[in-house]
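In order, the protein sequence lines correspond to chains R and L. Once you know that position 115 of the first sequence is 175 in our numbering, the rest is easy, because the numbers rise by one and skip nothing. Once you know that position 65 of the second sequence is 125 in our numbering, the rest is easy, because the numbers rise by one and skip nothing. By construction, the Cβ of each residue, glycine as well, lies at the ideal position given by its N, Cα and C atoms.
Number of protein chains: 2
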Amino acid sequence: MPDPVFLPLRNAISRFIKLNDADWQLLEPSLREKKLPKQSHFITEGKVEQEVGFLLDGNMRHYYTRDGEEKTTYFYFEGHFVSSYLSAITNTPSELTIEAMTDCRLIVFHYKDLQKLYDVSHTWERFGRLIAEYLAIGLEQRMVGLLMLSPEERYLDLLDGNKQKIIERIPQHYVSSYLGITPVSLSRIRARLLKK
Amino acid sequence: MPDPVFLPLRNAISRFIKLNDADWQLLEPSLREKKLPKQSHFITEGKVEQEVGFLLDGNMRHYYTRDGEEKTTYFYFEGHFVSSYLSAITNTPSELTIEAMTDCRLIVFHYKDLQKLYDVSHTWERFGRLIAEYLAIGLEQRMVGLLMLSPEERYLDLLDGNKQKIIERIPQHYVSSYLGITPVSLSRIRARLLKK
DNA sequence: GCGGGACGTTAACTTAAGATAAGAAATCGG
DNA sequence: CCGATTTCTTATCTTAAGTTAACGTCCCGC
């Protein structure tokens, strides 16, 4: 008896692998729905965090703390997988915090449940590979942007690419953090661009 | 009849997965030894590059070209896997070039051969996952460094971390590129640090 | 061993980002 | 709807990186 609440997750996974009913039924018992109020933490720095989420509604940010300052390095939107990948994989305390920027609704499961599927199912192992590859490709491109583009170019990149929603819904001082600059600097870049 | 030339690769793979003889024999027929003279290209921008290498000897750099300028973003040493991961995975032309900085000796195989193993062997599929995870973790840390640390801090990071060999053997103008700054700027940072 | 090229440093100048502070604008909670 | 907080902009000053160019050194090939 498949629960329709979980369907968006099944569809998202199906974009990575061909998933039959039997495969899906391996995972479904591990799923739960979870609601997070605005400003609460999905992942907290210092804790070993093994929970993986799939965001149905709302958005979240992912930040590191240094000298008391928060550096926001990633945003999550509907349809994204959310986790402290490093903490889940390595079973070590998370160095990052993931905070709900709005009220959020997620489907969650424990990474250990997925790891069990890795052992028993080649299909799920493949899913794990494809997710990791997807992640690596995104990170590589992000890194190249940081190394090769100026702050202004990185901001322009955000404006047209498919990442446009980042700027639409996100307060500017978080965006500036994502770009690796200060809020003041982003404001100046925007002012410069308007004159052109 | 296992060829001892390929042993270092088998050992490297064994650090990721438990590999029995049968598993290994699936891969071995696809392996070749390859020598690259200094300054030749292992991967060339614009070509679809599906070759994966395992570096036995020598070192290589990985760079992107922009406005005629080369930006070196990665270095490879003995025991590293070398490939244009993105080009191999997505079967699209490589955006980067990988050049031998010294005479190099590698074990190479085609990524398609590995992909065939993904289909027939859960063990090799797992290897693919673990490699991708390893890569993603490294990229995440690199990205965080670029976002959170100043150029000077990034340079100091290079000095103590396990990445020390990067500075030992690599010309400074490549290192500066890796750090995301100009050679002149790196020279100044070094001069500043000496005074302290 | 000589000439040329690659590499690193230094200097002078330009440009842009960081820090701090103040004020305007928008948002939120009651 | 109002007051308080958050967010964004603007301005000033400081600091450091980019650019260009000159110079010295080292290394390599011929």
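For the putative contact between residue i and residue j, defined by C-beta atoms under 8 angstroms, what is the C-beta separation to the nearest angstrom?
i: Trp184 of chain L; j: Asp83 of chain L; result: 7 angstroms
i: Glu105 of chain R; j: Leu69 of chain R; result: No, Glu105 of chain R and Leu69 of chain R are not in contact; Cβ-Cβ is about 26 angstroms, not under 8 angstroms.
i: Ala8 of chain L; j: Lys98 of chain L; result: The requested residue 8 of chain L is not part of the displayed model; chain L covers only 61 to 256.
i: Met203 of chain R; j: Met203 of chain L; result: 5 angstroms
i: Ser154 of chain R; j: Glu111 of chain R; result: Actually they do not touch by this definition, with Cβ atoms about 10 angstroms apart.
i: Met120 of chain L; j: Ile158 of chain L; result: 6 angstroms
i: Leu218 of chain R; j: Ile226 of chain R; result: 6 angstroms
i: Leu206 of chain R; j: Leu206 of chain L; result: 5 angstroms
i: Ser147 of chain R; j: Val108 of chain R; result: 6 angstroms
i: Leu246 of chain R; j: Leu239 of chain R; result: 7 angstroms
i: Leu199 of chain L; j: Leu86 of chain L; result: The pair is not a contact, with the Cβ atoms about 28 angstroms apart (cut-off 8 angstroms).
i: Lys131 of chain R; j: Ser236 of chain R; result: Actually they are not in contact, since the Cβ atoms of Lys131 of chain R and Ser236 of chain R sit about 10 angstroms apart, beyond 8 angstroms.
Interface residues of chain L around residue i at Cβ under 7 angstroms?
i: Val204 of chain R; result: Tyr124, Thr133
Does any CB atom of chain L fall closer than 9 angstroms to the CB of residue i?
i: His182 of chain R; result: yes
i: Ser237 of chain R; result: yes
i: Arg75 of chain R; result: no
i: Tyr178 of chain R; result: yes
i: Gly139 of chain R; result: no
i: Arg214 of chain R; result: no
Applying a beta-carbon distance threshold of less than 9 angstroms, which residues of chain L neighbour residue i?
i: Tyr145 of chain R; result: Glu193, Ala196, Ile197, Glu200
i: Gly26 of chain R; result: Look at the range of chain R in this structure, 61 to 256, and you will see that residue 26 of chain R is not part of it.
Could you name the residues of chain R that residue i contacts, counting a contact when the two beta carbons are closer than 7 angstroms?
i: Met208 of chain L; result: Tyr124, Arg126, Lys131
i: Glu185 of chain L; result: His182, Glu185, Arg186, Arg189
Can you pull the chain R neighbours of residue i, defined as C-beta to C-beta under 8 angstroms?
i: Ile149 of chain L; result: Glu193, Ile197
Can you determine whether any heavy atom of the ligand SAM sits closer than 8 angstroms to the C-beta of residue i, and answer yes or no?
i: Arg92 of chain R; result: Although the ligand SAM was asked about, the structure shown includes no ligands whatsoever.
Would residue i pass as an interface residue toward chain R - the criterion being a Cβ-Cβ separation below 9 angstroms?
i: Arg252 of chain L; result: no
Taking three-plus beta-carbon pairs below 8 angstroms as touching, is the region 85-92 of chain L in contact with the region 164-177 of chain L? yes
Contact the region 227-239 of chain R vs the region 131-146 of chain R: 3+ CB pairs below 8 angstroms: In this structure the region 227-239 of chain R touches the region 131-146 of chain R; the number of beta carbon pairs closer than 8 angstroms is three or more.
Spell out a yes or no on whether the region 175-192 of chain R and the region 171-190 of chain L are touching, meaning 3 or more CB-CB pairs, one atom from each, closer than 8 angstroms. With the cut-off at 8 angstroms, the region 175-192 of chain R and the region 171-190 of chain L touch.
Which parts of the region 150-236 of chain R are runs of the beta strand (DSSP E), unbroken and 3 residues or longer, counting only runs that do not cross its ends? 156-160, 164-170
Going along the chain, which unbroken runs of the alpha helix (DSSP H) with 4 or more residues stay wholly within the region 74-136 of chain L? 81-87
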